[in-house]
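Peer 1: Got a structure for you, written out below as structure tokens; questions coming shortly.
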Amino acid sequence: LFSWQVSYFTSLSRQEEFEQNAKAVIPLFSITYFLTITFSIVSCLRLSCVRNNIWLASCGVVSAGLAVLSSFGLMMYCGVPFVVTVANAPFLILGVGVDDMFIMIACWEKSVKEVEKSDTKARMGETYTEAAVSVTITTLTDVLAFFIGTWTAFPSVRSFCLYTGTAFIFCYVYTLTFFGAILVLNHKREKKDRHWITCMPVKTDENKSRLYNVCCIGNCSGESPESEPEHPMSKFFERYYGPFFTNKWVKLLVVLLYGAYVGGSIYGCTQIKEGIDLRNLATDDSYVIQYYNDDDKYFSEYGPRVMVVVNGSVEYWNESVRAAIENCMENLEDISYVDKNLSESWLAVYTKIAQRASLNINNKDIFITNLSTLFRFYPDFEWDINKTQDKIEASRFFIQTVNVTTAVDEKNLLNKLRDTAKQCSIPLMLYHPAFIYYDQYLVIVQNTMQNVLIAAGAMLIVSLLLIPNPFCCLWVTFAIASVIIGVAGFMTFWHVNLDSISMINLVICIGFSVDFSAHISYAFVSSEKPSANERAIDALYMLGYPVLQGAISTILGVVVLAAARAYIFRTFFKIMFLVILFGALHGLVFIPVFLTFF
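With the first letter of the sequence shown counted as 1, position 44 gets the number 44 in the numbering used here; the numbers rise by one all the way through.
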């Protein structure tokens with residue numbers, strides 16, 4: 001008995017499997033929402049039955065969810081295509097959307113030191129004074145980064161940037177309106193000492209434990225209306241973290257660490273590879289994967305079988321036209337990547353049959369009439385000719401490419417084929433389904449550099465307008481460049497190539513690299529402390545914990561994509577993880593230390 005394993009592929013397989021990617025990731029969104037809500041609640045939890053911020057945390061996540069619904073609804077109403085890359089957007093928006101919530105809550109809690117605790121309007125004013133500028137800077141930079149990304153030549157990247165950029169605008173609007181209103185309502189509840197679940201008035205009872213009172217109905221232990229304890233993490237940043245990193249020997253260590261980071265990043269950038277493995281466009285369990293594996297194993301020397309299309313009505317019965325077509329085919333076969341022995345031409349076979357049968361195919365009627373003879377002996381050729389009653393509208397031939405193994409080979413093949421086709425006197429078009437992916441190699445580096453440079457310039461302008469210190473803006477710009485170099489370099493070590501998918505993430509990187517550094521830089525220049533070290537500590541005390549919360553929530557927003565069955569979503573996770581990791585590292589370590597030097 002014989003056992004065979006069949007691997008198969010059709011002209012629609014790649015498209016169908018690509019569309020399956022979006023469906024495969026939808027179930028992960030509910031897990032992301034659960035993780036984000038859980039983290040937000042835990043990080044805002046207070047062991048107090050009155051001043052518990054669980055509702056604030058929950059409403060902050062709801063605000064981000066509303067932004068997703070609003071942006072997607074608007075974009076679909078406007079007819080913007082929903083492509084597979086857009087399926088990444090909800091994970092990103094949900095993770096980032098709660099960042100501004102953490103900033104708002106932190107500034108609200110700090111406002112009690114500046115104004116009368118019971119004065120809601122004054123505290124809201126103080127909160128918006130501190131938080132609104134910082135949130136505006138980060139939103140503007142993120143939105144600019146995405147809208148600049150719409151200038152790319154890749155339609156899928158344009159769709160992703162439109163959907164996500166619009167969602168960030170809605171996030172900003174809902175944070176300053178919807179979530180601001182929630183803050184006010186929550187404060188009114190607190191002023192009247194009402195329980196966080198039941199909103200019933202509570203009474204102080206010294207005999208009840210604080211842990212019990214998290215869920216109690218009518219009592220509170222030692223709950224003074226004037227008490228509003230600081231979060232332990234804020235105290236940690238003020239008393240331990242900030243003083244540690246402002247020590248001169250620790251500063252030296254940070255500088256050395258940064259040197260190692262830059263060195264590794266630059267080396268990684270020199271090792272970047274272009275191109276996308278076509279098997280990565282399908283899910284891990286797709287039948288297409290097995291086909292590509294077998295193709296590589298047994299037929300790796302053969303590249304795409306390229307279709308050469310004569311597009312338009314051509315007088316094939318004219319001997320000079322046939323000679324021109326034959327000359328074009330010979331020129332294509334002379335390319336080093338083409339095996340001339342494997343070409344397929346219905347016209348060459350028809351000419352030989354005519355010569356053996358002494359047919360005068362220079363006559364139009366005879367040429368058209370006797371095509372049936374060709375089809376009788378070679379029935380497959382009937383698929384290669386688009387014929388009406390008295391003329392041929394279009395036809396095609398095939399050439400076989402060989403030894404196309406790397407992205408460089410694919411780019412060179414495409415360039416040589418198209419350059420040769422342009423020199424033909426007959427209108428030719430060369431096509432293979434894989435060419436749509438080879439095309440990106442011709443513009444990917446140029447597009448990436450263009451978007452990165454334009455976005456970085458836009459970020460600098462925004463920073464100059466909104467941060468009241470030009471030198472500080474230069475540090476924000478420095479952070480942008482540093483994070484981009486780091487992400488581009490280290491993504492190589494994580495086996496991520498430069499393609500249209502990773503290009504999306506590098507554009508995102510520009511906006512996110514600003515977020516953490518802008519928060520800390522703005523807090524630094526806004527501080528009224530006398531020395532640079534004290535201002536750095538004050539900035540970390542004010543916004544160190546919200547920045548850390550934002551980093552963790554964003555990573556939680558995309559971490560489930562690490563378990564996705566598709567390369568597209570795993571790549572999104574890898575680069576977003578690097579962006580947030582390096583962005584937080586700059587905001588919480590490098591920038592505070594470097595600011596103290598100047």
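By construction, the Cβ of each residue, glycine as well, lies at the ideal position given by its N, Cα and C atoms.
1. Under DSSP, the alpha helix (DSSP H) around Asn21 begins and ends at which residues?
2. If you compare alpha carbons, which of Asp296, Ala354, Ser517 and Ile93 is closest to Ala167?
3. In whole angstroms, what separates the C-alpha of Ile568 from that of Leu281?
4. Determine the DSSP secondary structure at Phe80, reduced to helix, strand or coil.
5. Tell me whether Gly486 sits in a helix, a strand or coil according to DSSP, three-state version.
6. Confirm, please, whether the CB-CB distance from Val496 to Lys574 is below 8 Å.
7. Is it true that the CB of Gly242 sits closer than 8 Å to the CB of Tyr522?
8. Do the region 159–166 and the region 530–540 make contact, defined as three or more Cβ pairs closer than 8 Å?
9. Three-state secondary structure (DSSP) at Gly149?
10. Pairs of beta-carbons, one from the region 430–437 and one from the region 139–151, closer than 8 Å: are there three or more?
11. Could you check the C-alpha separation between Glu130 and Leu466 for me, to the nearest Å?
12. On a CA-only basis, which of Trp151, Gln423, Val462 and Gly486 is nearest Ala584? Give me that one, please.
13. From the DSSP output, which residues share a beta bridge with Asp296?
14. Short of 6 Å in beta carbon distance, which residues of its chain neighbour Glu319, apart from the five on each side in sequence? Order them along the chain.
15. Are at least three pairs of beta-carbons, each pair with one atom in the region 253–265 and one in the region 415–426, less than 8 Å apart?
16. Expressed to the nearest angstrom, what Euclidean distance is found between the alpha-carbon atoms of Ile41 and Met124?
17. From the DSSP output, in three-state form, read off Phe375 for me.
18. In chain order, what residues of the same chain lie with their CB nearer than 8 Å to the CB of Leu556, ignoring the 5 residues before and after it?
19. Tell me which residues share the same chain as Ala641 and place their Cβ nearer than 7 Å to its Cβ, disregarding the 5 neighbours each side in the sequence.
20. The alpha helix (DSSP H) that contains Asp339, what's its start and end?
21. Hey, which unbroken runs of the alpha helix (DSSP H) at 4 residues or more fall wholly within the region 443–527?
22. If Gly550 sits next to Phe102, beta carbons under 8 Å apart, how far is it from one beta carbon to the other, in whole angstroms?
23. Would you check if the distance between the CB atom of Leu359 and the CB atom of Asn341 is smaller than 8 Å?
24. Given a threshold of 16 other Cβ atoms within 10 Å of its Cβ, counted over all protein chains shown, does Tyr298 qualify as buried or as exposed?
25. Taking just the CA atoms, how far does Ser70 sit from Phe398?
26. How would you label Lys110, buried or exposed, when you count the other beta carbons within 10 angstroms and need 16 or more for buried?
27. According to DSSP, what are the bridge partners of Met311?
28. In three-state terms, what does DSSP make of Cys216?
29. Please report the straight-line C-alpha distance between Phe9 and Leu442, rounded to a whole angstrom.
30. Give every residue of the same chain whose Cβ lies closer than 8 Å to the Cβ of Arg570, excluding the five residues on either side of it in the sequence, and list them in chain order.
31. Using a Cβ-Cβ cut-off of 6 Å (strictly less than) and excluding sequence neighbours within five positions of Glu677, which residues of its own chain qualify?
32. Using 8 Å as the cut-off, can you tell me whether the region 309–323 makes contact with the region 272–281, which would need three or more C-beta pairs spanning the two stretches below that distance?
33. May I ask you to verify whether the region 511–520 touches the region 469–483, counting CB pairs closer than 8 Å and requiring at least 3?
34. If you follow the alpha helix (DSSP H) that Leu417 is in, where does it begin and where does it stop?
35. Which residues does DSSP pair with Val347 in a beta bridge?
36. Are at least three pairs of beta-carbons, each pair with one atom in the region 287–305 and one in the region 18–31, less than 8 Å apart?
Peer 2: According to the structure data:
1. Ser13 to Cys44
2. Ile93
3. 7 Å
4. Looking at the sequence shown, residue 80 is not Phe but Val. In the structure shown, Val80 sits in coil (DSSP, three-state: anything other than H, G, I, E or B).
5. helix
6. yes
7. Not a contact, by the Cβ cut-off of 8 Å.
8. no
9. helix
10. no
11. Roughly 13 Å between the two C-alpha positions.
12. Gly486
13. For Asp296, which the question treats as bridged, DSSP gives no partner whatsoever.
14. Excluding positions up to five away in sequence, the list reads Asn362.
15. no
16. Rounded to whole angstroms, the separation of the alpha carbons of Met124 and Ile41 is 22 Å.
17. DSSP, read as helix, strand or coil, puts Phe375 in helix.
18. Thr32, Leu35, Thr36, Phe39 and Gly95
19. With the chain running from 1 to 598 in the structure shown, residue 641 is simply not present.
20. Not the alpha helix (DSSP H): Asp339 falls in the beta strand (DSSP E), residues Val338 to Glu344.
21. 470–493 and 500–526
22. Contact flag correct, Cβ pair sits at about 6 Å.
23. no
24. By the 10 Å Cβ count, Tyr298 comes out exposed.
25. 49 Å
26. buried
27. Here the sequence assigns Asn to residue 311, which means Met is not the residue at that position. Looking at the DSSP assignment, Asn311 forms a beta bridge with Ala394.
28. With a pLDDT of 47 at Cys216, under the threshold of 50, the predicted position of this residue should be treated as unreliable, and no value is reported.
29. 27 Å
30. If we look at Arg570 and ignore the five residues flanking it on each side, its Cβ neighbours are Leu561, Ala562 and Ala564.
31. The requested residue 677 is not part of the displayed model; the chain covers only 1 to 598.
32. no
33. yes
34. Ala407 to Lys422
35. Here residue 347 turns out to be Leu, not Val, going by the sequence shown. For Leu347, which the question treats as bridged, DSSP gives no partner whatsoever.
36. no
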